[in-house]
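Heads up, the thing below is written out as structure tokens.
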Amino acid sequence: MRLRAQVKKEVVKVPLSVDERWDLIENISKQTVEFGAYKHTLKDAIAELTVKPLTGIPVAIAVIYGFWSFFCDFAGTLFTDGFMVKIFDEHWLPWLQSVFPGGLRNSFYALMVDAGHLEEGILVASDNCFEAFGVLTSGLFIVFGVVLWAILAFYLIFAILEDIGYLPRLAVLVDTVLHKIGLHGYAIVPTFLSLGCNVPGVTATRPLETRKQRFMMMTLLAIFVPCGAQIGIMQDLVPELMGWIFLTLAIGYLGFGFILNKIVPGKSPELIMDVPPYQMPTLRNIGRKLWIRTSGFLLVAVPFVLLGCLIVGLMYLTGAMDWLAAVFGPLLMVWFGVPSETVAPLIAGFLRKDLAVGVLGGLMAQGIMTTFQVFTSVILLCIYFPCLATFALMIKEENWKELLGSLASLVAMVFVYGGLIHLVGIILGVA
Amino acid sequence: MKILLMGHPNVGKSVFFNRLTGAKVFESNYPGTTVDFMKGWMRLEGEDVELIDVPGAFSLEPKDRAEEVAVKMLAENRDSVVVCVLDASKVERGLYLALEIIERGYPVVVALNMWDIAEDKNIRIDVEKLERILGVPVVPTTAISGEGFKELVSKIKEAAPVKIEGVIESASAVSAAASAGKEGGGESAAVS
Amino acid sequence: MEKKLSEMDFDEEGTVKGIEENLRKQVAGMGIREGKKVRMATKQPIKGPVVVEVDKSVTSLGLGIAEKIVVEVG
């Protein structure tokens, strides 16, 4: 044995040990690489300025503000308000209403085109695609009229920031805060990406090192980060509330993260992250990313939104929705302070969040909700359940213990945070 | 035969991939995980060869899910040529991964990517010498402009597995020769 | 003079003298090894991470990690 060990020492063991490999690398690089004198360039100066707190934080705020402005102007004002609302409300809806067989009292017509609504006891036709709530009207309007443009705008900017190399710098800047809740700066990437869609957001949790971090991240994403589809619809419906919505969600994210960090066992390792130099993004790469992400979105969104529309429509027609409203109404009214009709968007929210906000838009048009109730409902829609696609991914990603943990957190969070918002509303006298 | 594209995160690997492949690319999901990778085809001597963009990894000792998948994909494709994409301004870090792959017996082509940036930083790399020591093709590339890609593609068929003992030997042989040369020079100077 | 990496001043340069054993493998992938020159690029306030430059590449390290690396400066 001893002899063999001696012999073995002579030959190189494959694979090499870490130190052997580094020794070899140093030997190689000593002979082949020469670091010449190097002048710092403007690019390096910018690279450092954007990661230094004094200059980097204002830059980060400017970048995020610019992102948001573009998102609203491009998706909201230019495409949705400028073209899509006109196309859908002034041409598509009236055209369908005139050519589709049946009529207001026909069930199939109600499901596909326009369920109509009561005005002083009389059923009248809808004049916009939020109210109509047919598969071919509201369903298509939500996807192609609003959400597609929001998603496109979001992914375009995200791809540019990604390819330039800005995200790691943002991660360094927010590490200080996120480290306090047991995550590290890198968590900004899944969080940010989730603002587009929670599905790739959950996927992007994979570079987090420990199970604890991944679990925390997924749970926080599922509860507190609204997706681009939802944001797009919200921005269209309640633009004046967006600031409050984001603030409420951010407080929830950090506050609940702080609590989770205290109760979830496991380690929260510190940040070790490469900060690459800035690079010029290529059109081709950005185009390709945009195409892959947007087509991926459409593939999931179109069937789910249309199916969801159909299910919600059927539940209204069969009276199931009224029954659910009667059952859950007291809870919704007493605990959360929202009308029993909110049950409809909550049901839709199981499938798609954009659809849910769309259903809420229909309720708002009927004038049965106060502004504060709309605000509370929107927050509830964000936090009460991740959409089906996200949930399916979480089933795949988490083991059953973690999944139960996520669900328990979810339920606790909905009741505590939802109730708290109601309480604050009562104290402020707006609820 | 397949071609695996491997390298650190942030070395311009996806730009690299886009440049090598045609229009037909797919994003796939590694079975049982949520780690996605890109797959496409490239033309190599009149043949369509599958090219896989393996998730970025700093080493083959995985520390997260993406690196785990990278290691598995490498193990599952024993018959592939690995194009190892390095950041030319961070050769040492990149060589760590490249050597790990070489040690496992894969034919490797090393691409020193972002060559333009390395030049800007005044980093000089003796490509020929590096090639001689490693025993595998080494090609400087700039993925963004496409420089070096023709040469890279032509070198893929030259790639063959090398023994790590050989690399160690040639590294020390070249360094010994270099120091011998210096000593020799010193002696002759002393004589005259 | 030896001090912890976390105690280096902004823009100060030094040479890595020692890395805590269990950390070695982790930072090796980033090119941080004994004998390497490091420059402190930025330090984030309120116990935030540090950003260091080694061999022209920039790496961000949590403060707790930076405390386990000893450097020789001056």
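Protein chains in written order, with the numbering used here: chain A, 916 to 1346; chain B, 3 to 194; chain C, 1430 to 1503. Beta carbons are placed, not taken as given, at the ideal position from N, Cα and C, and that holds for glycine.
Check, Outcome
"Cβ-based neighbour list, residue 185/B, same chain, cut-off 8 Å, excluding 5 preceding and 5 following", "Residue confidence for residue 185/B is low, a pLDDT of 47 falling below 50, so the modelled location carries little weight; the figure read from the coordinates is stated next. None."
"Reference residue 981/A, options 966/A, 1049/A, 1075/A and 1018/A, closest by Cα", "1075/A"
"Backbone CA spacing between residue 1178/A and residue 1093/A [nearest angstrom]", "16 Å"
"The beta strand (DSSP E) enclosing residue 140/B, as first and last residue numbers", "140-142"
"Residue from 1188/A, 1073/A, 1001/A and 1134/A with nearest C-alpha to residue 1171/A", "1134/A"
"Burial state of residue 1250/A, where buried means 16 or more other Cβ atoms lie within 10 Å", "exposed"
"Reduced DSSP category for residue 2/B - H, G, I as helix; E, B as strand; rest coil", "Absent from the structure is residue 2/B, since the part of chain B shown begins at 3 and ends at 194."
"Residue 73/B at chain A interface by Cβ criterion, 7 Å", "no"
"Identity of the residues DSSP links to residue 1189/A by a beta bridge", "1488/C"
"Between the CA atoms of residue 1255/A and residue 10/B - distance to the nearest angstrom", "53 Å"
"Contact with chain B by residue 1200/A, beta-carbon distance below 7 Å", "yes"
"Assigned exposure category for residue 119/B - 16 Cβ within 10 Å defines buried", "buried"
"Closest Cα partner of residue 133/B within the set 160/B, 17/B, 95/B and 21/B", "160/B"
"Chain B contacts from the region 1466-1487 of chain C (Cβ-Cβ distance under 8 Å)", "1484, 1485 and 1486"
"Min CB distance residue 949/A to chain B below 7 Å", "yes"
"Residues that residue 1250/A bridges to, as DSSP identifies them", "Answer by DSSP bridge pairing: none, since residue 1250/A is not bridged."
"Integer-rounded CB distance, given that residue 12/B should sit under 8 Å from residue 1189/A", "6 Å"
"Cut-off 7 Å between Cβ atoms - residues of its own chain near residue 1109/A, not counting five sequence neighbours on either side", "1116, 1136, 1140 and 1142"
"Reference residue 1270/A, options 1096/A, 1219/A and 1203/A, closest by Cα", "1219/A"
"Integer Cβ distance of residue 72/B from residue 57/B, believed to fall under 8 Å", "5 Å"
"Counted within 10 angstroms of its Cβ, other Cβ atoms place residue 1343/A as buried (16 or more) or exposed", "exposed"
"Limits of the unbroken alpha helix (DSSP H) element including residue 69/B", "67-78"
"Cβ shell of residue 920/A (< 7 Å), same chain only, five flanking positions each side left out", "Reliability fails at residue 920/A, whose pLDDT of 43 lies under 50, so the model's placement of it is uncertain and no value is given."
"Burial state of residue 97/B, where buried means 16 or more other Cβ atoms lie within 10 Å", "buried"
"CB contact below 7 Å: residue 92/B versus chain C", "yes"
"Residue range of the unbroken alpha helix (DSSP H) whose run includes residue 1133/A", "1126-1139"
"Presumed contact (8 Å Cβ cut-off) between residue 947/A and residue 170/B, rounded CB distance", "The Cβ separation is near 15 Å, so there is no contact."
"Sufficient close CB pairs (3 or more, under 8 Å) joining the region 1051-1061 of chain A to the region 1083-1102 of chain A", "no"
"Residue 952/A burial status per 10 Å Cβ neighbour count (16 or more: buried)", "exposed"
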